[in-house]
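Chemist: Quick one: this structure, given as structure tokens, is what I'll be asking you about.
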Amino acid sequence: MILLLGATGYVGKEFEKVLTLLGLNFKAVSRSQLNYTSAIELKHYLKSLRPDFIINAAGFTGKPNVDACELQKEETIQGNVYFPKMLAEVCAELGIPWGHVSSGCIFSGCFVNQNGTWIAEKNMNQETIRKIANTEPHRLKGFDESFQPNFSFKDGPCSYYSGTKAWGEDVIKGVGEHYVWRLRIPFNEINNSRNYLTKIQTYAKVYDNLNSLSHLEDFVRACIACWVKHVPYGTYNVTNPGFVSTRQVVEMITKILKPKREFIFWESDEEFYRLGAKALRSNCILDSSKLLKAGVPMRTVEDALVDSLRHWRDA
Ligand SMILES: NC(=O)c1ccc[n+]([C@@H]2O[C@H](COP(=O)([O-])OP(=O)(O)OC[C@H]3O[C@@H](n4cnc5c(N)ncnc54)[C@H](OP(=O)(O)O)[C@@H]3O)[C@@H](O)[C@H]2O)c1
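Here it is as structure tokens:
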């Protein structure tokens, strides 16, 4: 049996849906039923339930966005660092393997091929990089799992949220058997304030940058496949292969959904950070080839975006 933590959340609900669709035996618990952030209560519960695997979709993201984490530091650190640390230790003690939903937002930038050498570049909104992205995208590649987070407290600057997500990965490293699944800007076909495609359609002004993204159901199916297919434990970038600019996503929305509105973009990073955002935002390209090589397929980000927009609907 699989135990699902954080099932009331945006990501947790998708796990609940897919586990049900796949007919897998699972149990979902919420903190309102069991204070799973207490080591004593969790251990007692696990000893009686004896799950084969645990999925941790619980964490603190900040509402309506990560700016809230700058003000709710205690909840952020508790949900993203102390809680996974405790869960890792309890699972190691009881010999229960588990999977942790982390985030790709612990990276900034990509690698750029300059005369045959791959150079890490944190800021992708430079004219030269954006030009390469448009004309020679093969000259850009993402961070794979061998790289240390570079949008973190150790290698900043970063947002408080991202700092705690990177720290959360650090504190569980080497403790028991687990997967770290990095989710990056989830989207799907269902209109929801947490969906990236809804966010873009409702922002007064859109921020343009390059990013890898995760289709939410593809992400969840890939995570579950790791466990079902006995993929080796470890860290996986669970993103749809490739990257897109926000402008490309807006073009797809305009073409497929034909909205009545015009999309206006922030003129520069300077304007966006002066008027639109408090915390620094991560923008990054991730390399998901480790997951694909492990036998877990993911369709390209373009295919997943087009499919979501073609099937766009209200919840
Ligand atoms: N949504 C995104 O854009 C995104 C992107 C990348 C990564 N992630 C990661 O995905 C995970 C789930 O995110 P989400 O968007 O589904 O968040 P969410 O909608 O806020 O749900 C998270 C769930 O975690 C539990 N929770 C909340 N605060 C907690 C705390 N301080 N300690 C322990 N549990 C807490 C709650 O479940 P109970 O009912 O049990 O209280 C809550 O429903 C997080 O680790 C997040 O960092 C999310």
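Residue 730 in my numbering is what sits at position 165 of the sequence shown, and the numbering runs on without skipping anything. Glycine included, C-beta positions come from ideal geometry on N, C-alpha and C. Just so you know, these numbers come straight off a predicted model, no measurement behind them.
#1: Can you tell me whether DSSP reads I789 as helix, strand or coil?
#2: Closer than 6 Å by C-beta to F866: which residues in its own chain qualify, once you throw out the five before and the five after it? Chain order, please.
#3: Three-state secondary structure (DSSP) at K855?
#4: Can you list, in chain order, the residues of its chain whose CB lies under 7 Å from that of R704, leaving out five sequence neighbours each side?
#5: Give the range of the alpha helix (DSSP H) segment to which G799 is assigned.
#6: Report the three-state DSSP secondary structure of W732 (helix, strand or coil).
#7: Can you determine whether any heavy atom of ligand 1 sits closer than 6 Å to the C-beta of T763, and answer yes or no?
#8: Assuming contact is defined by CB atoms lying nearer than 7 Å, are G669 and R615 in contact in what I supplied?
#9: R864 and N802 - do their beta-carbons sit closer together than 7 Å?
#10: Following a CB-centred definition, is R704 positioned closer than 6 Å to any heavy atom of ligand 1?
#11: Ligand 1 heavy atoms versus the CB of Q643: any closer than 6 Å?
#12: Of all the options F784, Y725, R878, T585, which has the alpha carbon lying nearest to the alpha carbon of I671?
#13: Mapping the DSSP letters down to three states, classify I671 as helix, strand or coil.
#14: So, with DSSP's three-state summary, where would you put K738?
#15: For F648, verify whether its CB is less than 6 Å away from any heavy atom of ligand 1.
#16: Are L569 and G707 touching if we call contact CB-CB under 7 Å?
#17: Which whole runs of the beta strand (DSSP E) in the segment 621 to 663 are 3 residues long or more, in chain order?
Modeler: A quick look at the data gives this:
#1: To locate residue 789, count along the sequence shown from 1; it is residue 224. DSSP places I789 in helix when its eight states are reduced to three.
#2: Here residue 866 is taken as the residue at index 301 of the sequence shown, counted from 1. One detail in the question is off: residue 866 reads as Val in this sequence, not Phe. Counting only Cβ-Cβ distances below 6 Å, and skipping sequence neighbours, we find L778, N805, G807, V809.
#3: In the sequence shown, the residue the question calls residue 855 occupies position 290. Three-state result, K855: helix.
#4: Along the sequence shown, one-based indexing puts residue 704 at 139. Here the set comprises V677, N678, I697.
#5: What you label residue 799 is simply residue 234 of the sequence shown in a count that begins at 1. Segment 799 to 802 is the beta strand (DSSP E) holding G799; no alpha helix (DSSP H) there.
#6: Taking the first residue of the sequence shown as position 1, residue 732 is located at position 167. Looking at W732 - three-state DSSP - the assignment turns out to be helix.
#7: By 1-based counting over the sequence shown, the position of residue 763 is 198. T763 Cβ: outside cutoff for every heavy atom of ligand 1.
#8: Looking up residue 669 in the sequence shown gives position 104. Looking up residue 615 in the sequence shown gives position 50. No, Cβ-Cβ distance for G669 and R615 is not below 7 Å.
#9: The residue you call residue 802 lines up with position 237 of the sequence shown. The residue you call residue 864 lines up with position 299 of the sequence shown. No, the pair does not count as a contact, with Cβ atoms beyond the cut-off.
#10: Within the sequence shown, residue 704 is the residue found at index 139, counting from 1. False, no ligand heavy atom lies under 6 Å from that Cβ.
#11: Taking the first residue of the sequence shown as position 1, residue 643 is located at position 78. Q643 Cβ: within cutoff of ligand 1.
#12: Position 106 of the sequence shown, counting from 1, holds the residue named residue 671. Here the closest residue by C-alpha is Y725.
#13: On the sequence shown, residue 671 is found 106 positions in, with the first residue counted as 1. Helix, per DSSP.
#14: As a working mapping, residue 738 is identified with position 173 in the sequence shown. Note: K738 maps to coil in three-state DSSP.
#15: Counting from one through the sequence shown, the residue named residue 648 turns up at place 83. Judged by the Cβ position, F648 qualifies as a neighbour of ligand 1 at the 6 Å threshold, a heavy atom of the ligand being closer than this.
#16: On the sequence shown, residue 569 is found 4 positions in, with the first residue counted as 1. On the sequence shown, residue 707 is found 142 positions in, with the first residue counted as 1. No, they are not a contact pair.
#17: none
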